[in-house]
Amino acid sequence: MLIHAGKKLHVCELCNKSFTRKSNLNTHILIHTGEQPHVCKVCNKSFTQKRCLSKHILIHTGKKPHLCEVCNMSFTQKDHLNKHILIHTGKKRHACEVCNKSFARKGDLIKHTVIHTGEKPHVCEVCGKSFTQKDSLNKHLLNHTGKEPHVCEICNKSFAYKCNLNSHILIHTGEKPHVCEVCNKSFTRKGHLNEHILIHTGEKPHVCEVCNKSFAQKCDLKKHILIHTGEKPHVCEICNKSFAYKCNLNSHILFHTGKKPYVCEICNKPFAYKCNLNRHILIHTEEKPHVCEVCNKSFTRKAHLNEHILTHTGEKPHVCDVCNKSFTQRGSLSKHLLNHT
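Residue numbers for the sequence shown follow UniProt numbering, so the first one is 1 and each next one is one higher.
1) What would DSSP say about Glu114, mapped onto helix, strand or coil?
2) Could you tell me if Phe75 is buried or exposed, where buried requires 16 or more neighbouring beta carbons within 10 angstroms of its beta carbon?
3) Determine the contact status of Leu25 and Cys12, defining contact as a CB-CB distance below 8 Å.
4) Exposed or buried, what is Pro205 when buried is set at 16 or more other beta-carbons lying within 10 Å of its beta-carbon?
5) Mapping the DSSP letters down to three states, classify Leu9 as helix, strand or coil.
6) Under three-state DSSP, which class holds Ala303?
7) Figure out for me which residue from Cys124, Ser54, Asn240 has the closest Cα to the Cα of Thr145.
8) Classify Leu338 as buried or exposed, calling it buried when 16 or more other Cβ atoms lie within 10 Å of its own Cβ.
9) Thinking just about the alpha-carbon of each residue, which of Asn44, Thr173, Gln217, Leu141 is nearest to the one in Cys155?
10) Nearest to Val263 by alpha carbon, out of Asn276, Ile253, Leu221?
11) Would you kindly report the start and end of the unbroken alpha helix (DSSP H) that includes Arg51?
12) Between His228 and Lys213, is the Cβ-Cβ spacing less than 8 Å?
13) Tell me which same chain residues have a C-beta within less than 6 Å of the C-beta of Phe131, skipping the five on either side of it?
14) Per DSSP, Ala95 forms a beta bridge with which residues?
Given below as structure tokens:
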């Protein structure tokens, strides 16, 4: 009767959240105590709720009981099937009333709406900084308290949240328990899996406020924003050259160290960059993946294809500074320059 009446008699003494059933309150309390009484007999991973354990067990059994009636793809969880079905229907049920952008998930719509309102309702009582989301405020508060009560028993690194410790432990165990049901790629964190799934659904919930370009992953949006700000936050400690992206800094550092970590398994030739190794491997395989659409001639490198295309277009972008004669290929210009020396 309480469900129909809307009454919730069982109240959590820690956060005042209320429940219609005592059993639901008992389960909720485990969030505060950190207890995880439901343990997987296969890998010993523990969960606060029995239903979470039941879902987890499907990873070990390989069962996928939820079947798509359109393409026969099967899923371990019903909500994953529901998200998948949107690929076939094209439906995105939750639409923004301001710009009509639609989302498959209500949570993504709520996050998006804040872009238009500019609201930051969650305010830090210590320093007055405000946040759009409650969990962002909670994380920020730890800057003031400095508390990190959850300690890794292997390396003694400490964390503010148990979930962060659990994610960290996977570095030591090598486990990647979160598996994509579309392509079977696995991840250490659920959040990384959720972002990956957007590749399959085509959703791009992260929108640039400057130019409205949208991205599937938040990290890609952050990288993109640097185009507008001109920031280059990653600085080389050796020569002070700065870069917009960490990966570019890492590549640059190899110039100073001389390291060549990527080694060809066929001839043992080392390379500083993986892309150079990938190109080199084509020498052994004799693959020529870059094909000219005009004459079907194929090339090992994209750059060689681009130069070849100029023979069809008639462009000669390489100009001699001495006599202004122009050439289709850089190599031809280099040979020509010898005439002046």
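All C-beta atoms, glycine included, are put in the ideal place defined by N, C-alpha and C.
So, from the data block:
1) The displayed chain sequence assigns Val, not Glu, to residue 114. Looking at Val114 - three-state DSSP - the assignment turns out to be helix.
2) buried
3) yes
4) buried
5) coil
6) helix
7) Cys124
8) exposed
9) Thr173
10) Asn276
11) 50–61
12) no
13) Lys120, His122, Leu137
14) Ser102
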